[in-house]
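Student:
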Amino acid sequence: MLKTAFRNVRSKHPLIHNITNYVTVNDCANLLLACGASPIMADDPEEAAEITGICSGLNLNIGTLNSRTVPAMLAAGKRANELDHPVVLDPVGAGASRLRTETVLRLLEQVRFAVIRGNVSEIKTLASGSGTTQGVDADAADKLTEDTLEEAVALARAVAEQTGAVVAMTGVIDVVTDGKTAWCIRNGHPMMASVTGTGCQLSAMTAAFAAANPGRILEAAAAAVCTMGLAGEIARGRLSALDGNASYRNYIIDAVFRMTPEQLEKGARYEVR
Amino acid sequence: MLKTAFRNVRSKHPLIHNITNYVTVNDCANLLLACGASPIMADDPEEAAEITGICSGLNLNIGTLNSRTVPAMLAAGKRANELDHPVVLDPVGAGASRLRTETVLRLLEQVRFAVIRGNVSEIKTLASGSGTTQGVDADAADKLTEDTLEEAVALARAVAEQTGAVVAMTGVIDVVTDGKTAWCIRNGHPMMASVTGTGCQLSAMTAAFAAANPGRILEAAAAAVCTMGLAGEIARGRLSALDGNASYRNYIIDAVFRMTPEQLEKGARYEVR
Amino acid sequence: MLKTAFRNVRSKHPLIHNITNYVTVNDCANLLLACGASPIMADDPEEAAEITGICSGLNLNIGTLNSRTVPAMLAAGKRANELDHPVVLDPVGAGASRLRTETVLRLLEQVRFAVIRGNVSEIKTLASGSGTTQGVDADAADKLTEDTLEEAVALARAVAEQTGAVVAMTGVIDVVTDGKTAWCIRNGHPMMASVTGTGCQLSAMTAAFAAANPGRILEAAAAAVCTMGLAGEIARGRLSALDGNASYRNYIIDAVFRMTPEQLEKGARYEVR
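In order, the protein sequence lines correspond to chains A, B and C. Plus 284 on top of the position in the first sequence (first one is 1) and you've got the working numbering. Plus 284 on top of the position in the second sequence (first one is 1) and you've got the working numbering. Plus 284 on top of the position in the third sequence (first one is 1) and you've got the working numbering.
In structure tokens:
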């Protein structure tokens, strides 16, 4: 199943429109290329909807929001909905400022999302409409570990039901659910948190997997999450005693580039609840 | 000839003003440093023309256009023309949206370009004033290979005559022409397409080569194209079984940094028609 | 002393708000993670002050200024002052355009800075209120070497007194002073100038060191400068015959990631005047 989802990305080369932050945008582009997709970035309201029209998936990331990109996101999101292209939301830092929280709520009101990919603090903010996120990482109180898994699955399910989107909530364990079935994924490595934008990259890749696997969004999102986590493990294994987070960043993207669908199928560690 | 063109970049250290997209801007800066030039980025209309004034070349790339950068490009372009600095245009995605196509046509009307560097789809859009570009890569129908070379040379020559600029049209084969002489360059490696922004980087480097070789723009552009392609070959030779497109990205810039004028002269593969 | 300053960063994980240029922003984020801090980027006036409120330090870098980011810098700077968070100014290219020079003067008028980190040309511009900076590197006439050290220390001291900030002026030798005590630091490697944004990265890291060491800003800034320089030396030692400035960029960040407080203490080379 994971194998097929990945193979579809490699064979269909979906073109993904990204309206994303300028911090990690280059890594998002190279990761999309690594998995077999193609990136295009366009964030001006004048062209956002039109560019969406030539793509097959859309990735909206609020990492460095501004007054110009909010209307571009709304226009692109609506156009993607009309065309029935999957739209991914990455609510980076939702809860950390009024602008971010309100923008996310507006997006949820006006755009139908296929997948929402965020950490626990961000997903909690979506659930409650307000939040206390301390920055762009999950709060200490919001770690997704074995101890909090039960509760986390319940939260993700609730937000999936509330929004109609597949929720991919990432932490030490990752939970991917459509409100009914929940995948609990145990790939990845803690050192991924020391590379900026692994979450953003995953969101971009999720849009590619969703675009290449229409009608199977839950499996597509789970496959993307497993791919990213497995790449983090493979890359970790390559680190020399001198390598740090910058080399690790490159090795993660390299690992996605080199990954085969069979390797993914074999390396993915998950249970379905 | 190529040797001299490269040597001039290394000895003159031209300062290049870039108004370029935020996706690949860091790579453009590091590639300019790698070849011996210096980068400066400034895209606000309030300072664009002034910054151009302290530089010796200008690179305009429409990869992530917005309402603020279009007037900055026009102001910087006109100032560079007054000062007789070479201006390079990279029409990223021209044909993919009305904003991009119209901006390129406006730039061509108001600014005199030394070099236009793009893929076949983008150059076709310039020729016809409209296009069907599917994203930022050349359309499948627009591959520049041995089979389509004759036609491609004719297209590049026509656009060079029409615009007065040297046209550097890149693909599997690269064509660089001033409308009369045409260089057909066979350096490079297909894997370069899996690194975001190798085209953007080449455009930035072309501005440096043009700035360091006034009056010899055709040779300067051809030398830049050969340098990038040769770097892609050298970098390809370095890849380990675990390296993917992220490491390749670094190795390409590294190869330019390490390249000597003699190595370029020896490694360049081209014919002049 | 340096040891303690670094240890505090690693144990307190300060969250640093950066309003910085889009050229080197990804490297700033990864360097902050490498030293033990966390980055957040937010440059819209609507959220800038609020985001500052959840952080413990602020880094303002004028590398790619625009009409939207100037008010965001002022708002965030004032809020940080109210909260008594250290604010770092990186006056990239001050003197190169009226917009940059005037923005820096406005920032100095309205915001109280803990540290100003720049090259000699930029610091001279602050001293005189006008400048002749040629781009983002120090002018040839402004090299900070053994020959010009005396004069450089005097300049840095004067600007420190004039602004009330610790001045970290970087060149072949780095001078860090609060107007009284001056650290002359001889770490680093000339090849660092061939990587875009090592200065920007240092400024971001300085904000982290200052935030983690309140009341000891001079030592904190000196420790950050030594850390960056030592990382440049360690990374230089790793370069293979094929590695160039792109690999060097990664190795510098890696070296910070791997550095221990003891290694810093031992490797730092400075005299205090």
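Each residue gets a CB set at the ideal place from its N, CA and C atoms; glycine is no exception.
May I ask which residues mark the beginning and end of the alpha helix (DSSP H) holding residue 311/C?
Tutor: For the purposes of this step, residue 311/C is identified with residue 27 of the third sequence, where counting begins at 1. Looking at the DSSP string, the run of the alpha helix (DSSP H) that includes residue 311/C is 309-319.
Student: I want to verify the contact list: residues of chain C whose CB lies under 7 angstroms from the CB of residue 531/A, in sequence order.
Tutor: Sequence index remark: in the first sequence, residue 531/A carries index 247 (1-based). 534 and 538, listed in chain order.
Student: Please confirm if residue 526/A has its CB atom under 8 angstroms from at least one CB of chain C.
Tutor: The residue labelled residue 526/A in the question sits at position 242 within the first sequence. Yes, its Cβ sits closer than 8 angstroms to a Cβ of chain C.
Student: For residue 291/A, tell me which candidate among 532/A, 540/A and 437/A has the shortest Cα-Cα distance.
Tutor: Taking the first sequence and counting its residues from 1, the one referred to as residue 291/A is at position 7. Among 532/A, 540/A and 437/A, the Cα nearest to that of residue 291/A is on 540/A.
Student: In its own chain, which residues sit with a C-beta less than 8 angstroms from the C-beta of residue 500/A, not counting the 5 before and 5 after it?
Tutor: Locating residue 500/A in the first sequence gives position 216, where the first residue counts as 1. So the list reads 289, once near-sequence residues are dropped.
Student: Tell me whether residue 532/C sits in a helix, a strand or coil according to DSSP, three-state version.
Tutor: Start at 1 with the first residue of the third sequence, and residue 532/C comes out as number 248. Correct three-state label for residue 532/C: helix.
Student: Give me the Cβ distance between residue 466/C and residue 440/C, rounded to the nearest whole Å; I'm assuming they're in contact under 8 angstroms.
Tutor: Here residue 466/C refers to the residue found at position 182 of the third sequence. Here residue 440/C refers to the residue found at position 156 of the third sequence. The pair is a contact, with the Cβ atoms about 7 angstroms apart (cut-off 8 angstroms).
Student: Could you check which residue in 518/B, 355/B, 309/B and 445/B has the C-alpha nearest to that of residue 330/B?
Tutor: Here residue 330/B corresponds to residue number 46 of the second sequence, with the count starting at 1. Of 518/B, 355/B, 309/B and 445/B, the residue nearest in Cα terms is 355/B.
Student: Return yes when the Cβ of residue 452/A is within less than 8 angstroms of the Cβ of residue 371/A, no when it is not.
Tutor: Numbered from its first residue, the first sequence carries residue 371/A at position 87. Numbered from its first residue, the first sequence carries residue 452/A at position 168. Cβ distance not < 8 angstroms, so residue 371/A and residue 452/A don't count as in contact.
Student: Is the segment 483-500 of chain A touching the segment 369-384 of chain A, taking contact as three or more C-beta pairs under 8 angstroms?
Tutor: Because the criterion of three Cβ pairs below 8 angstroms is met, the segment 483-500 of chain A and the segment 369-384 of chain A touch.
Student: For residue 428/C, count the other beta carbons within 10 Å of its own beta carbon; 16 or more makes it buried, fewer makes it exposed. Which is it?
Tutor: Translated into positions along the third sequence, residue 428/C becomes position 144. Looking at its Cβ environment, which holds 16 or more other Cβ atoms inside 10 Å, residue 428/C is buried.
Student: Short of 7 angstroms in beta carbon distance, which residues of its chain neighbour residue 326/C, apart from the five on each side in sequence? Order them along the chain.
Tutor: Stepping through the third sequence from its first residue, residue 326/C is reached at position 42. Same-chain partners within the cutoff: 301, 332 and 335.
Student: So, using beta-carbon positions, are residue 456/B and residue 502/B closer together than 8 angstroms?
Tutor: Within the second sequence, residue 456/B is the residue found at index 172, counting from 1. Within the second sequence, residue 502/B is the residue found at index 218, counting from 1. No, these two residues do not count as a Cβ contact at 8 angstroms.
Student: Can you give, in chain order, each stretch of the alpha helix (DSSP H) that sits fully within the segment 424-507 of chain A and has at least 4 residues?
Tutor: 433-447 and 482-496, all fully within the segment 424-507 of chain A.
Student: Can you list the residues of chain A that residue 390/B reaches, using a CB-CB cut of under 8 angstroms?
Tutor: Counted from its first residue, the second sequence places residue 390/B at position 106. Under the 8 angstroms cutoff, chain A gives no residues; its nearest Cβ is about 13 angstroms from residue 390/B.
Student: Going by CA-CA distance only, name the one from 555/B, 396/B, 408/B and 530/B that's closest to residue 385/B.
Tutor: By one-based count along the second sequence, residue 385/B stands at place 101. Comparing Cα positions, the closest option is 408/B.
Student: Starting from residue 309/C, find everything on chain A with Cβ-Cβ shorter than 7 angstroms and list it in chain order.
Tutor: In the third sequence, residue 309/C corresponds to position 25, counting from 1. Neighbours of residue 309/C on chain A, chain order: 306 and 307.
Student: Residue 384/C touches chain B at which residues, Cβ-Cβ below 8 angstroms?
Tutor: Taking the third sequence and counting its residues from 1, the one referred to as residue 384/C is at position 100. In chain order: 331.
Student: Rank 383/B, 532/B and 473/B by C-alpha distance to the C-alpha of residue 553/B and give the top, closest one.
Tutor: As a working mapping, residue 553/B is identified with position 269 in the second sequence. Checking every option, the nearest Cα to that of residue 553/B belongs to 473/B.
Student: So which residues on chain C does residue 325/B lean against when the C-beta distance must stay under 9 angstroms?
Tutor: Within the second sequence, the letter at position 41 stands for residue 325/B. Those are 305, 306, 307, 347, 348 and 420, listed as they occur along chain C.
Student: If you count every other CB in all the chains shown that lies within 10 Å of the CB of residue 295/B, and 16 or more means buried, which is it?
Tutor: Counted from its first residue, the second sequence places residue 295/B at position 11. Residue 295/B comes out exposed.
Student: Which residues mark the beginning and the end of the alpha helix (DSSP H) in which residue 357/B is found?
Tutor: In the second sequence, counting from the first residue as 1, residue 357/B sits at position 73. Unbroken alpha helix (DSSP H) run through residue 357/B: 353-367.
Student: Under 8 angstroms between beta-carbons, which chain A residues line up against residue 541/C? List them in chain order, please.
Tutor: Residue numbering aside, residue 541/C sits at position 257 when the third sequence is read from its first letter. Correct list: 478, 528, 529 and 530.
Student: Do we get a CB-CB distance below 8 angstroms when we pair residue 413/A with the residues of chain C?
Tutor: The residue given as residue 413/A occupies position 129 in the first sequence. False, the Cβ-Cβ gap to chain C never drops below 8 angstroms.
Student: Could you check whether residue 549/C and residue 362/C sit closer than 8 angstroms to each other, using their CB atoms as the reference points?
Tutor: Residue numbering aside, residue 362/C sits at position 78 when the third sequence is read from its first letter. Residue numbering aside, residue 549/C sits at position 265 when the third sequence is read from its first letter. No, the pair does not count as a contact, with Cβ atoms beyond the cut-off.
Student: Confirm, please, whether the CB-CB distance from residue 537/A to residue 528/B is below 8 angstroms.
Tutor: The residue you call residue 528/B lines up with position 244 of the second sequence. The residue you call residue 537/A lines up with position 253 of the first sequence. In this structure, residue 537/A lies closer than 8 angstroms to residue 528/B by Cβ.
Student: If contacts are defined as beta-carbon pairs under 8 angstroms, then residue 387/C and residue 347/C qualify, I think. What distance do you get, rounded to the angstrom?
Tutor: By 1-based counting over the third sequence, the position of residue 387/C is 103. By 1-based counting over the third sequence, the position of residue 347/C is 63. So it is not a contact: roughly 11 angstroms between Cβ atoms.
Student: Less than 8 angstroms between the C-beta atoms of residue 248/A and residue 493/A, yes or no?
Tutor: What the structure shows of chain A is the stretch from 285 to 557, and residue 248/A is not part of that stretch, so it cannot be assessed.
Student: Is there a Cβ of chain A sitting closer than 8 angstroms to that of residue 314/C, yes or no?
Tutor: Walking along the third sequence from the start, residue 314/C turns up at place 30. It does: the Cβ of residue 314/C has a partner Cβ on chain A nearer than 8 angstroms.
Student: To the nearest angstrom, how far is it from the Cα of residue 318/C to the Cα of residue 412/B?
Tutor: Translated into positions along the third sequence, residue 318/C becomes position 34. Translated into positions along the second sequence, residue 412/B becomes position 128. If you take the alpha carbons of residue 318/C and residue 412/B, they lie about 50 angstroms apart.
Student: Taking 8 angstroms as the threshold (C-beta atoms), are residue 403/B and residue 425/B in contact?
Tutor: For the purposes of this step, residue 425/B is taken as the residue at position 141 of the second sequence. For the purposes of this step, residue 403/B is taken as the residue at position 119 of the second sequence. Result no, Cβ atoms of residue 425/B and residue 403/B do not sit closer than 8 angstroms.
Student: Please classify residue 406/B as buried or exposed, where buried requires at least 16 neighbouring CB atoms within 10 angstroms.
Tutor: As a working mapping, residue 406/B is identified with position 122 in the second sequence. Looking at its Cβ environment, which holds 16 or more other Cβ atoms inside 10 Å, residue 406/B is buried.
Student: Could you name the residues of the same chain whose beta carbon sits closer than 6 angstroms to that of residue 551/A, not counting the 5 residues immediately before and after it, in chain order?
Tutor: For the purposes of this step, residue 551/A is identified with residue 267 of the first sequence, where counting begins at 1. Same-chain partners within the cutoff: 514.
Student: For residue 351/A, go through chain C and note every residue whose CB falls closer than 9 angstroms to its CB, in chain order.
Tutor: As a first step, residue 351/A must be located in the first sequence, where it is residue number 67. Chain C residues near residue 351/A: 328, 329, 330 and 352.
Student: Chain B partners of residue 557/A, CB-CB under 7 angstroms?
Tutor: As a position in the first sequence, residue 557/A is number 273, starting the count at 1. Going along chain B, no residue has its Cβ under 7 angstroms from residue 557/A, so there is no contact; the nearest lies around 33 angstroms.
Student: Residues of chain B with CB under 8 angstroms from residue 400/A, in chain order?
Tutor: Reading the first sequence from its first residue, position 116 is the one you call residue 400/A. What residue 400/A touches in chain B: nothing, since even the nearest Cβ is about 24 angstroms away.
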